[in-house]
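> Quick one: the structure is below, and I'll ask about it shortly.
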Amino acid sequence: MHFGRPKTVSESRHTSLAEEVLQQVLSFQHSNGKSVENILWGYEFSLGGSDDYVFLIRELGNRGECSKAMACFDFAVKRERKRNEQGKLASAMISTLGRLGRVDLAKGVFDKAKAEGYGNTVYSFSALISAYGRNGYCEDAIKVLDSMKTSGLKPNLVTYNAVIDACGKGGMNFEQATEVFDEMVANGVVPDRITYNSLLAVCSRSGLWEEARNLFTEMVYKGIDRDIFTFNTLLDAVCKAGQMELAFEIMREMSEKKVWPNVVTYSTMVDGCAKAGKLEEALSLFNEMKFVGISLDRMAYNTLVAIYARLGRFDEALGVCLEMENAGIKKDSVTYNALLVGYGKRGEFDEVQRLLEEMKLVNVSPNILTYSTLMDVYSKGGMYKEAMEIFREFKQAGMKADVVLYSSLIDVFCKNGMVNFAVSLLDEMTTEGIRPNVVTYNSIIDAFGRSATARLEDAATDEIDLSESESSTCIVLTSVPESIIGFSEGDNQVIRIFKQLAAEKENPLKEGNIRNSQEISCILGLFHKMHELDIKPNVVTFSAILNACSRCDSFEDASVLLEELRLFDNQVYGVAHGLLMGSNKDVWIQAQSLFDEVRRMDSSTASAFYNALTDMLWHFGQKRGAQRVMLEGKNRQVWENTWCDSCLDLHMMSSGAAQAMVHTWLLNIRSIVSEGRELPKLVSILTGWGKHSKVVGDGTLRRAVAALLTGISAPFHVAKGNLGRFVSSGAIVSAWLRESGTLEVLILQDDRIHPENVQLDRLPNLQMLTL
DNA sequence: TTAGGGTTAG
Numbered sequence: 001m002h003f004g005r006p007k008t009v010s011e012s013r014h015t016s017l018a019e020e021v022l023q024q025v026l027s028f029q030h031s032n033g034k035s036v037e038n039i040l041w042g043y044e045f046s047l048g049g050s051d052d053y054v055f056l057i058r059e060l061g062n063r064g065e066c067s068k069a070m071a072c073f074d075f076a077v078k079r080e081r082k083r084n085e086q087g088k089l090a091s092a093m094i095s096t097l098g099r100l101g102r103v104d105l106a107k108g109v110f111d112k113a114k115a116e117g118y119g120n121t122v123y124s125f126s127a128l129i130s131a132y133g134r135n136g137y138c139e140d141a142i143k144v145l146d147s148m149k150t151s152g153l154k155p156n157l158v159t160y161n162a163v164i165d166a167c168g169k170g171g172m173n174f175e176q177a178t179e180v181f182d183e184m185v186a187n188g189v190v191p192d193r194i195t196y197n198s199l200l201a202v203c204s205r206s207g208l209w210e211e212a213r214n215l216f217t218e219m220v221y222k223g224i225d226r227d228i229f230t231f232n233t234l235l236d237a238v239c240k241a242g243q244m245e246l247a248f249e250i251m252r253e254m255s256e257k258k259v260w261p262n263v264v265t266y267s268t269m270v271d272g273c274a275k276a277g278k279l280e281e282a283l284s285l286f287n288e289m290k291f292v293g294i295s296l297d298r299m300a301y302n303t304l305v306a307i308y309a310r311l312g313r314f315d316e317a318l319g320v321c322l323e324m325e326n327a328g329i330k331k332d333s334v335t336y337n338a339l340l341v342g343y344g345k346r347g348e349f350d351e352v353q354r355l356l357e358e359m360k361l362v363n364v365s366p367n368i369l370t371y372s373t374l375m376d377v378y379s380k381g382g383m384y385k386e387a388m389e390i391f392r393e394f395k396q397a398g399m400k401a402d403v404v405l406y407s408s409l410i411d412v413f414c415k416n417g418m419v420n421f422a423v424s425l426l427d428e429m430t431t432e433g434i435r436p437n438v439v440t441y442n443s444i445i446d447a448f449g450r451s452a453t454a455r456l457e458d459a460a461t462d463e464i465d466l467s468e469s470e471s472s473t474c475i476v477l478t479s480v481p482e483s484i485i486g487f488s489e490g491d492n493q494v495i496r497i498f499k500q501l502a503a504e505k506e507n508p509l510k511e512g513n514i515r516n517s518q519e520i521s522c523i524l525g526l527f528h529k530m531h532e533l534d535i536k537p538n539v540v541t542f543s544a545i546l547n548a549c550s551r552c553d554s555f556e557d558a559s560v561l562l563e564e565l566r567l568f569d570n571q572v573y574g575v576a577h578g579l580l581m582g583s584n585k586d587v588w589i590q591a592q593s594l595f596d597e598v599r600r601m602d603s604s605t606a607s608a609f610y611n612a613l614t615d616m617l618w619h620f621g622q623k624r625g626a627q628r629v630m631l632e633g634k635n636r637q638v639w640e641n642t643w644c645d646s647c648l649d650l651h652m653m654s655s656g657a658a659q660a661m662v663h664t665w666l667l668n669i670r671s672i673v674s675e676g677r678e679l680p681k682l683v684s685i686l687t688g689w690g691k692h693s694k695v696v697g698d699g700t701l702r703r704a705v706a707a708l709l710t711g712i713s714a715p716f717h718v719a720k721g722n723l724g725r726f727v728s729s730g731a732i733v734s735a736w737l738r739e740s741g742t743l744e745v746l747i748l749q750d751d752r753i754h755p756e757n758v759q760l761d762r763l764p765n766l767q768m769l770t771l
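So the first sequence is residues 1 to 771, counted in full-length UniProt numbering.
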């Protein structure tokens, strides 16, 4: 009935008396079913039938008063004699329970309604589908749709819309949602604006921004109006894909179409900017929003708090909290979690403690996100005792671990060289019915890339029960107890591991090479499992695989890993493999388009990929390729570092990328010298001393650069008081650069020789290098 | 029956 037209907000058909009753029921403290019933008895003959009761049920639901709403429903359905009116009440109750997240109760009402003869309606089926859908039970929603047909009912527009919506919320893919869409059309039900909006949401959740744009165009073509939901959902799809230029274009378009951006539009855009690392733009959108007179709501405030907290701009984050509370919105668990992440990641554990106490004081209970966050930041901060306490608290709260909590634990194990425990935990979560995701796998793949076998052998002699393990170097062959998360304190391996980690805190992880075929086969096993579970890899996976290649002693082992990369993504493989084999023109064109895609990601994701790719090339002696990739990254400002005549900043670079850069930079200042110009008085190379590496103080980069400088006899020495800074006077460096042999050592040569590319092997274009 | 936020990988 509302095809192509905006759905009008239906006139509420309740009486004013119903509002009075609502207030009475709401103000009734400590109410149980009985007392709500008593209030309702008092108005039995004055309330205007089921419309009033539907109003009460919905409004009580909106205020989270689940049991009062149920009491109201029970009362109303008992006094109602007409079946269709009882049916209306049932649908309202099912829908309300669905919104409250009480699917179990919704199903109960549905079953009861059917048994008592008023529930066999399209409405109650649709309501149940929606209840399942909004709580992520997509398969149940589809089962209800099927059962509806066997009950002799014809699904209508609302039913199908609810099913498509359920597909989106339950994480179904676009094809499956399209099947429902096709079935709907085949049954003569004409899709409307909401159908399309829900399909758009499916696209948004599966990252299909181009598909979303096609649907949007299809709506125009079919003459279906596009409303604020349409635009916001499309924007969300586009933002989630990091296509921010397009997002801004769409936002302009909506104003032209007189669909005015609202608080959701702005929050979506802000989040998109923030995720793409464009924080200044995100903040200025907030200002714009305030300027055009849109007030921030709870979500918008929380988004803003999260951005400031992540940036470590705590004064501003707390300022926003204050502003929010002044607007009458109390900090909730989302706000607290955002702050906890911010302080935790920066190691400000006193503040973490203070916030935890504050939460308890104002009765905001920690949820699973709070626990995951805390365990993660404490573990990463080396505070294993505290992490263990949080784990205990989490167990005591009776919560069930989810994919993030498992992944976080898995990562802690991986970072501490206990890959065997990590893999067992992966098995355990799968058995528990919790589906690992790409992050879970990335942690473990990355750990294999670092493969700290040495550390694991030490662990075998420790308190943890590894007694059955031979001192084998194959990590996964060592057996671990059946249950790691464990049920009781006594057999809880997580607690034991935390205890052990706390006891041997100062024992940094040694990185080693991938040494044996068993380890390779273990990684392959992981990849196969990913394919089996249909877990899509992402750029982090690719970086981890490339890093693992860099840890392979033999080219043959690396080839096995690259083959896995090929199975995942032909383009990334093509570039990595092509560059490794000695680049040619085609490979470089392919590489350019890959780099264009990487550019859309935030800077740390992008730099990690460039780092991994350059390292792999450098490791296998493809130094010219490494240099080329590094230059590309530099031109695209991947590392945000300083490059000038007096200083080279190598922070955040992998050792391969950094070494390639040192060569390039020295060639660059050599061109200054050969033009007869003078170098600055002091020239320096900054490597940092490992503050930014995963293992504090590790300084792998510093060591690699030191070795490189020694190797080419560059006259730099470590700066006084700064281990991570190499300095020299401009005059000395100039003299060295003018020496006859210097140019030759600076120009990178490939270690591997590829006869097929000989004609392409020319000296680097020095003009290109003068940046 | 439809839209936005907080946790995990590099």
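From the three backbone atoms N, C-alpha and C, an ideal C-beta is built for every residue, glycine too.
Could you round the C-beta distance between L17 and L60 to whole angstroms and report it? I think they count as a contact, below 8 Å.
For the purposes of this step, residue 17 is identified with residue 17 of the first sequence, where counting begins at 1. For the purposes of this step, residue 60 is identified with residue 60 of the first sequence, where counting begins at 1. Incorrect: roughly 16 Å between the Cβ atoms, too far for contact.
> Can you give me the start and stop residues for the beta strand (DSSP E) that A719 sits inside?
Translated into positions along the first sequence, residue 719 becomes position 719. A719 -> beta strand (DSSP E) spans H717 to A719.
> So does the segment 608-618 actually touch the segment 647-660, counting three or more Cβ pairs closer than 8 Å?
yes
> Hey, is the segment 390-400 in contact with the segment 410-430, meaning 3+ C-beta pairs nearer than 8 Å?
In this structure the segment 390-400 does not lie against the segment 410-430, because fewer than three pairs of beta carbons, one per stretch, are closer than 8 Å.
> Count the C-beta pairs between the segment 733-746 and the segment 672-682 that are closer than 8 Å, then say yes if the count reaches three, no if not.
The segment 733-746, when compared against the segment 672-682, does touch it at the 8 Å Cβ threshold.
> On the CB-based measure, 16 or more other CB atoms within 10 Å of its CB, does L145 come out buried or exposed?
On the first sequence, position 145 is the one that residue 145 refers to. Buried.
> Tell me whether K240 is buried or exposed, calling it buried when 16 or more other Cβ atoms sit within 10 Å of its Cβ.
One-based indexing of the first sequence puts residue 240 at position 240. Classification for K240: buried.
> Taking the straight line between their C-alpha atoms, what separation do you get for R205 and R134?
As a working note, residue 205 is residue 205 in the first sequence. As a working note, residue 134 is residue 134 in the first sequence. Those two C-alpha atoms are separated by around 14 Å.
> Can you tell me whether C552 is helix, strand or coil according to DSSP?
Numbered from 1 along the first sequence, position 552 holds the residue referred to as residue 552. Strand at C552.
> Can you list, in chain order, the residues of its chain with a C-beta nearer than 6 Å to that of D236? Leave out the 5 residues immediately preceding and following it.
For the purposes of this step, residue 236 is taken as residue 236 along the first sequence, with counting starting at 1. Excluding residues within five positions, the ones whose Cβ falls inside 6 Å are S204 and T268.
> If we call anything under 7 Å between Cβ atoms a contact, is A544 one with I445?
Here the question's residue 544 lines up with position 544 in the first sequence. Here the question's residue 445 lines up with position 445 in the first sequence. Yes, the pair counts as a contact, with Cβ atoms nearer than the cut-off.
> I'd like the list of long-range same chain contacts for K149, defined as Cβ closer than 8 Å, with 5 residues on each side in sequence excluded.
The sequence position of residue 149 within the first sequence is 149, counting from 1. Here K149 has P155 as same chain residues with Cβ atoms under 8 Å from its own Cβ, once five neighbours each way along the sequence are excluded.
> Only counting the same chain, and skipping five residues up and downstream in sequence, which positions put a Cβ closer than 8 Å to that of E20?
In the first sequence, residue 20 corresponds to position 20, counting from 1. No residues qualify anywhere along the chain.
> Could you give the distance in angstroms between the alpha-carbon of V733 and the alpha-carbon of S295?
If you number the first sequence from 1, residue 733 lands on position 733. If you number the first sequence from 1, residue 295 lands on position 295. One C-alpha to the other measures close to 59 Å.
> Whole angstroms is fine: what's the gap from D557's alpha carbon to G574's?
The residue labelled residue 557 in the question sits at position 557 within the first sequence. The residue labelled residue 574 in the question sits at position 574 within the first sequence. Their Cα atoms are separated by approximately 18 Å.
> The alpha helix (DSSP H) spanning C414 covers which residue range?
Within the first sequence, residue 414 is the residue found at index 414, counting from 1. First-last of the alpha helix (DSSP H) with C414: V403 to K415.
> Tell me where the beta strand (DSSP E) around S267 begins and ends.
Position 267 of the first sequence, counted from the start, is the residue given in the question as residue 267. Taken as a continuous stretch (DSSP letters only), S267 belongs to no beta strand (DSSP E), being part of the alpha helix (DSSP H) at V263 to K275.
> List the whole-angstrom C-beta distance separating L105 from L97, where the pair is believed to meet the contact cut-off of C-beta under 8 Å.
Residue mapping note: residue 105 aligns to position 105 of the first sequence, counting from 1. Residue mapping note: residue 97 aligns to position 97 of the first sequence, counting from 1. The Cβ separation is near 5 Å, so the contact holds.
> Work out the CA separation of C414 and L456 for me, nearest whole Å.
Translated into positions along the first sequence, residue 456 becomes position 456. Translated into positions along the first sequence, residue 414 becomes position 414. Residue confidence is low: L456 scores 36 on pLDDT, short of 50, so the model does not pin down where it sits. Its coordinate-derived value is still stated next. Approximately 10 Å between the Cα atoms of the pair.
> If you draw a straight line from the alpha carbon of Q571 to that of L667, how long is it in whole angstroms?
Mapped onto the first sequence, residue 571 falls at position 571. Mapped onto the first sequence, residue 667 falls at position 667. Q571 and L667: Cα-Cα distance of roughly 32 Å.
> Under 7 Å Cβ to Cβ from F555, same chain only, skipping five residues before and after it: list those, please.
Mapped onto the first sequence, residue 555 falls at position 555. Answer for F555: F620, listed in chain order.
> For residue 805, which residues from the same chain have a beta carbon less than 8 Å from its beta carbon, with the 5 sequence-adjacent residues on both sides left out?
As shown, the chain starts at 1 and ends at 771. That puts residue 805 outside it, with no answer to give.
> For a test of the three-state rule: what should DSSP assign to L723, helix, strand or coil?
Start at 1 with the first residue of the first sequence, and residue 723 comes out as number 723. L723: strand per DSSP, three-state reduction.
> Does Q637 pass the burial test, meaning 16 or more other C-beta atoms within 10 Å, or should it be called exposed?
Position 637 of the first sequence, counted from the start, is the residue given in the question as residue 637. By the 10 Å Cβ count, Q637 comes out exposed.
> On the DSSP bridge list, what partners appear for W643?
By 1-based counting over the first sequence, the position of residue 643 is 643. DSSP lists L648 as partners of W643.
> On a Cα-Cα basis, can you pick out the residue from H717, V419, A626 and A113 that is closest to Q749?
By 1-based counting over the first sequence, the position of residue 749 is 749. Of H717, V419, A626 and A113, the residue nearest in Cα terms is A626.
> Looking at A113: is its Cβ nearer than 7 Å to the Cβ of S130?
Locating residue 113 in the first sequence gives position 113, where the first residue counts as 1. Locating residue 130 in the first sequence gives position 130, where the first residue counts as 1. No, they are not a contact pair.
> Kindly identify the DSSP beta-bridge partner or partners of S684.
Stepping through the first sequence from its first residue, residue 684 is reached at position 684. Bridge partners of S684: C647 and V727.
> Between the segment 340-360 and the segment 319-329, do at least 3 Cβ pairs fall closer than 8 Å?
no
> Alpha carbon to alpha carbon, what distance is there between F45 and F28?
As a first step, residue 28 must be located in the first sequence, where it is residue number 28. As a first step, residue 45 must be located in the first sequence, where it is residue number 45. Within the model, the alpha-carbon separation for F28 versus F45 is close to 21 Å.
> Please report the distance separating the alpha-carbon of D761 from that of G633.
Translated into the one-based positions of the first sequence, residue 761 becomes position 761. Translated into the one-based positions of the first sequence, residue 633 becomes position 633. Residue placement at D761 cannot be trusted, given a pLDDT of 38 that sits under 50; what the coordinates show is reported in the next sentence. Distance between D761 and G633, taken at the CA atoms: about 21 Å.
> For F746, which residues from the same chain have a beta carbon less than 8 Å from its beta carbon, with the 5 sequence-adjacent residues on both sides left out?
Position 746 of the first sequence, counted from the start, is the residue given in the question as residue 746. Before going on, a small fix: residue 746 reads as Leu here, not Phe. Excluding residues within five positions, the ones whose Cβ falls inside 8 Å are H663, L666, L667, R670 and I712.
> Just verifying my parser: in three-state terms, what is the DSSP assignment at F28?
To locate residue 28, count along the first sequence from 1; it is residue 28. Residue state, collapsed to three classes: coil.
> State yes or no: is the C-beta of F216 within less than 7 Å of the C-beta of L234?
Translated into the one-based positions of the first sequence, residue 216 becomes position 216. Translated into the one-based positions of the first sequence, residue 234 becomes position 234. A contact, by the Cβ cut-off of 7 Å.
> To the nearest angstrom, how far is the alpha carbon of A274 from that of D297?
Numbered from its first residue, the first sequence carries residue 274 at position 274. Numbered from its first residue, the first sequence carries residue 297 at position 297. Between A274 and D297, the C-alpha separation is close to 18 Å.
> Are the CB atoms of T687 and L648 within a distance shorter than 7 Å?
Locating residue 648 in the first sequence gives position 648, where the first residue counts as 1. Locating residue 687 in the first sequence gives position 687, where the first residue counts as 1. No.
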